[in-house]
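First up is the structure itself, then whatever we jot down about it.
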Amino acid sequence: MFQETSKQFKETDRKFQETDRKFQETDRLLSEKFKETDKKLNKLERLFTSQWGKLVESLVEGDILTLLNQRGIKVTDTIKRRKGRRDGIDYEFDIIGINGSEIVIVEVKTTLRPEDIKHFLKKIKQAKNWMPEYTDKKIYGAVAFISEDAGTAALAEKNGLFVIRATGDSASIVNADDFVPKNW
């Protein structure tokens, strides 16, 4: 009887080891699948965000000439997605409105956050270094968005930026009528 019990314990132990091996294999397979799913979701998120951002840029660009002209900045042309590299630094500006003596650089976000304002202010300070053809121009900044974290639009205005809210199929400047933009 002792031999039979010992044999059953060994068999049970073998089955536990086999079950443990199967659990480990299942865990490994699930981990691989989760990683694969995460990659796919991240790719979809980037695609969605990119396309959404392009839509917002298009909404804003379509109205930017009119909006700025209403504020006394007679912009005649726009450039979308101005990219470049100066002194080893890559830069990109979403929209630039231009006339003979002034430019307005517009940063477009689907959701505007305080860190976006801080980042854009750093970028706009470098605009004349990165785009030397504008060194003799007045440079104004603007942020355009669909939604914002609380207080972010006020932060932008406090820092001398035009604040443009994209709504539906158009956009509007929401700064007070007597707002004076900062000249960089």
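Be aware that the sequence shown starts at 1, since it is given in the UniProt record's numbering, and climbs by one per residue.
By construction, the Cβ of each residue, glycine as well, lies at the ideal position given by its N, Cα and C atoms.
A quick note: this is a predicted structure, and the numbers were derived from the prediction, not measured.
Check your understanding: DSSP state of Asp38, grouped into three classes?
Key -> Taking the sequence shown and counting its residues from 1, one reaches residue 38 at position 38. In the structure shown, Asp38 sits in a helix (DSSP, three-state: H, G or I).
Check your understanding: When the distance is taken between beta carbons, is Ile95 closer than 7 Å to residue 187?
Key -> The question about residue 187 has no answer here: the residues shown for the chain are numbered 1 through 184.
Exercise for review: Look at Asn183 and Phe162 and say whether their C-beta atoms are less than 7 Å apart.
Suggested key: In the sequence shown, residue 183 corresponds to position 183, counting from 1. In the sequence shown, residue 162 corresponds to position 162, counting from 1. Not in contact: Asn183 and Phe162 (Cβ atoms no closer than 7 Å).
**Study point:** Rounded distance between the beta-carbons of Val75 and Ile164, thought under 8 Å
**Key:** The residue you call residue 164 lines up with position 164 of the sequence shown. The residue you call residue 75 lines up with position 75 of the sequence shown. So it is not a contact: roughly 13 Å between Cβ atoms.
Point to revise | Option in Thr152, Phe145, Leu67 and Lys83 with minimal Cα separation from Ala127 | key: If you number the sequence shown from 1, residue 127 lands on position 127. Of the listed residues, the one whose Cα sits closest to Ala127 is Lys83.
Point to revise | Cβ contact (3+ pairs, closer than 8 Å) linking the region 97 to 116 and the region 130 to 147 | key: yes
**Study point:** Integer-rounded CB distance, given that Phe179 should sit under 8 Å from Val143
**Key:** As a first step, residue 143 is located in the sequence shown; it is residue number 143 there, counting from the start. As a first step, residue 179 is located in the sequence shown; it is residue number 179 there, counting from the start. Contact flag wrong, Cβ pair sits at about 13 Å.
Check your understanding: Thinking just about the alpha-carbon of each residue, which of Leu67, Asn69, Lys123 and Ile73 is nearest to the one in Phe93?
Key -> Here residue 93 is taken as the residue at index 93 of the sequence shown, counted from 1. Looking at the Cα atoms, Lys123 is the closest of the given residues.
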